[in-house]
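So the protein sequences, as listed, match chains A and B.
Residue numbers in the first sequence follow my numbering, run continuously in steps of one, and reach 217 at the last position.
Residue numbers in the second sequence follow my numbering, run continuously in steps of one, and reach 217 at the last position.
Just so it is clear, CB atoms sit at the ideal spot from N, CA and C, and this is done for glycine as well.
Just so we're clear, the structure is a prediction, and the values are computed from it rather than from any experiment.
Structure first, then comments.
Number of protein chains: 2
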Amino acid sequence: MNSPTKKTTRIQAANQQKILEAALDMFSQFGYRGTTIDQIAAKAGMSKANLLYYFRRKNDVYLAVLESILDQWLEPLARLDQDKDPEQELRAYIETKLRLSQQNPRASRLFANEIMQGAPMIQPFLSNQLKELVELKCEVIQHWIDNGKLQPVKPMHLIFMIWASTQHYADFATQIQALTTDTDDKLYKDASQTLSSIVLRGVLVD
Amino acid sequence: MNSPTKKTTRIQAANQQKILEAALDMFSQFGYRGTTIDQIAAKAGMSKANLLYYFRRKNDVYLAVLESILDQWLEPLARLDQDKDPEQELRAYIETKLRLSQQNPRASRLFANEIMQGAPMIQPFLSNQLKELVELKCEVIQHWIDNGKLQPVKPMHLIFMIWASTQHYADFATQIQALTTDTDDKLYKDASQTLSSIVLRGVLVD
DNA sequence: GTCTATAGAATGATAGAC
DNA sequence: GTCTATCATTCTATAGAC
């Protein structure tokens, strides 16, 4: 690992990281076709030709960035546990998803861009891993419903609602910034409280 | 209006419509930078040069498409009426927004694309018209809260939640298609019921 | 590993014939 | 109003010097 001959490997790793970081910046804002290699290279502080030494084609960069975020995408939903209390579980899920939106809004936007363009790269991921996981977690929610712990709602639409409402704070950050003067921290704290409160108890007064 | 000299005007109007329709198709999927004039022209059934006779630059086409959808964007929220029953009003708002998503998903995606790219064209719209309207409607919701008709939630975050949850069915249609085999009609019917039910009463059993 | 140079294709936009 | 031809620019990607 630390032999002199591997010194270049560490440089490569560092440069690849710089490229992936810059690529996430550009792809998340302009999508695949709206981003140029030049922009990525400039943001990563190297020449276009040098970037192409590390990734032979633009598509390879895009795939590498996508792969680096797909895992963290599945993980929070995967944690939903049928044997725990649904109120605690849903509250924790909402909080985790919101925290992800706050800490890595670019990943959320990159994902949204890819989906809105028809998911040309991750269609298999959606139809396989994601579908499998969602079906599994719909059963968890259905189990809570069958045991009288939750109202009889359509589980998949509950999941969609939580996805949409939490990712909104990352994907539409520009719009939200234009509508409020709240600090980021207050914004996310209010979002967490309001979201959990509405999902769990609704807005109506009994 | 019907004089022979205006015959060309009707042709112009028809061609402009064809261009706007094709442009909505492309811009909503690939964003501004990801769309080429060639693609729009091909989809509109004319040559690139001919398209540029009607709109001198790509940017003019984009602005025309954006303008054509901004009104329909504000209208449903503008209808929220402080003097009516909040349950009926919120239910109607959710249904209207969902119907818009179903009937014009491209408009929703175009708007989302513009926002995610930093709203370069409609920043003034967000900071002026939209902000004004949202502040007004937050007061309506706050009025309902003050009168004990709604739980004390943050009004703006309730609006964000409804926006996000309803637009999700348009913006993330590709993902949803990959996760379910429901027909479009069943999907939106379930969405409407689940969304209204959760927003109004939550998922918890009393 | 990094740079310059450049091939080759795509793109936005214009000019001018019909 | 529509088309062909064309230009300037930008972009992906490669070759080769250092």
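In terms of Cα proximity to Asp217/B, the closest of Pro163/A, Asp71/A, Leu62/A, Ser203/A is Pro163/A.
Scanning chain A for C-beta atoms nearer than 8 Å to the C-beta of Val151/B yields nothing, as the closest lies near 13 Å away. Its Cα nearest to that of Val145/A, the residue Gln186/B stands out among Leu91/B, Gln186/B, Ile22/B. Residue state for Leu81/B is assigned as helix, using DSSP reduced to three classes.
Chain B has no Cβ within less than 8 Å of the Cβ of Val72/A. For Leu144/B, the secondary structure class from DSSP, reduced to helix, strand or coil, is helix. Nearest to Gly159/A by alpha-carbon distance, out of Thr205/B, Arg120/B, Leu215/B, Ala33/B, is Leu215/B.
Under the rule that a run must span 4 or more residues, the alpha helix (DSSP H) segments found entirely inside the segment 105-135 of chain B read 116-127. Thr192/B has a beta carbon lying at 8 Å or more from every beta carbon in chain A.
According to the DSSP secondary-structure assignment, Leu215/A is paired through a beta bridge with Leu161/B. From the listed residues Ala34/A, Ile156/A, Gly56/A, Gln134/A, the smallest Cα separation to Arg117/A is found for Ala34/A.
If you ignore the 5 residues before and after Leu137/B, its C-beta comes within less than 7 Å of the C-beta of Ala130, all in its own chain and listed in chain order. The closest CA to that of Pro166/A, considering only Gln204/B, Ala52/B, Asp36/B, is found on Gln204/B. Within chain B, no C-beta atom comes less than 7 Å from the C-beta of Met132/A; the nearest is roughly 12 Å away. For Thr185/A, the enclosing alpha helix (DSSP H) begins and ends at 184-190. Cα atoms of Glu98/A and Leu211/A: separation of roughly 7 Å, rounded to the nearest angstrom. Going by beta carbons, Ala53/B and Ile30/B fall outside the 8 Å limit. The CB of Asp182/A comes closer than 9 Å to the CB of Ala123, Ile126, Met127, Ala175, Asp182 in chain B, given here in chain order. Taking a contact to require three or more Cβ pairs closer than 8 Å, the segment 59-78 of chain A and the segment 65-80 of chain B do not qualify as touching. Around Leu109/B, the same chain offers Thr177, Tyr180, Tyr199, Ala202, Ser203, Leu206 as residues with beta carbons nearer than 8 Å, after the five sequence neighbours per side are excluded.
Linking Asp195/A to Arg21/A through their CA atoms gives a straight-line distance of about 36 Å. According to the DSSP assignment, Asp49/A belongs to the alpha helix (DSSP H) that extends over 48-55. Taking every protein chain shown into account, the CB of Glu150/A has fewer than 16 other CB atoms within 10 angstroms, so this residue is exposed.
Sequence-distant Cβ neighbours of Met172/B in its own chain, meaning closer than 8 Å and more than five residues away, are Val210.
For Met37/A, no Cβ of chain B is located within less than 8 Å of the residue's own Cβ. The residue among Tyr104/B, Ile51/B, Ser58/B with its C-alpha nearest the C-alpha of Lys148/B is Tyr104/B. Across the set Pro87/A, Lys197/A, Ile133/A, the C-alpha of Pro87/A shows the shortest separation from the C-alpha of Thr107/A.
Arg21/B sits in a helix when the DSSP states are folded into three classes. Taking every protein chain shown into account, the CB of Glu125/A has 16 or more other CB atoms within 10 angstroms, so this residue is buried. Counting the other CB atoms within 10 Å of its CB gives Ala189/B a total of 16 or more, which places it among the buried residues. Going by C-alpha positions, Trp155/A is about 15 Å away from Arg102/A.
Setting aside the 5 residues that flank it on each side, Ile51/B is surrounded in the same chain by Ala33, Ala34, Met37, each with a C-beta closer than 6 Å to its C-beta; the list follows chain order.
Using a Cβ distance threshold of 8 Å, Ser79/B and Asp182/B do not count as a contacting pair. Within its own chain, the residues whose Cβ lies closer than 7 Å to the Cβ of Gln27/B, once the five positions on either side in sequence are excluded, are Tyr65, listed in chain order.
Using a CB distance cut-off of 8 Å, Ile80/A does not count as an interface residue toward chain B.
One finds Gly42, Arg44, Gly45, Gln128 in chain A with Cβ atoms closer than 8 Å to the Cβ of Phe41/B, taken in chain order.
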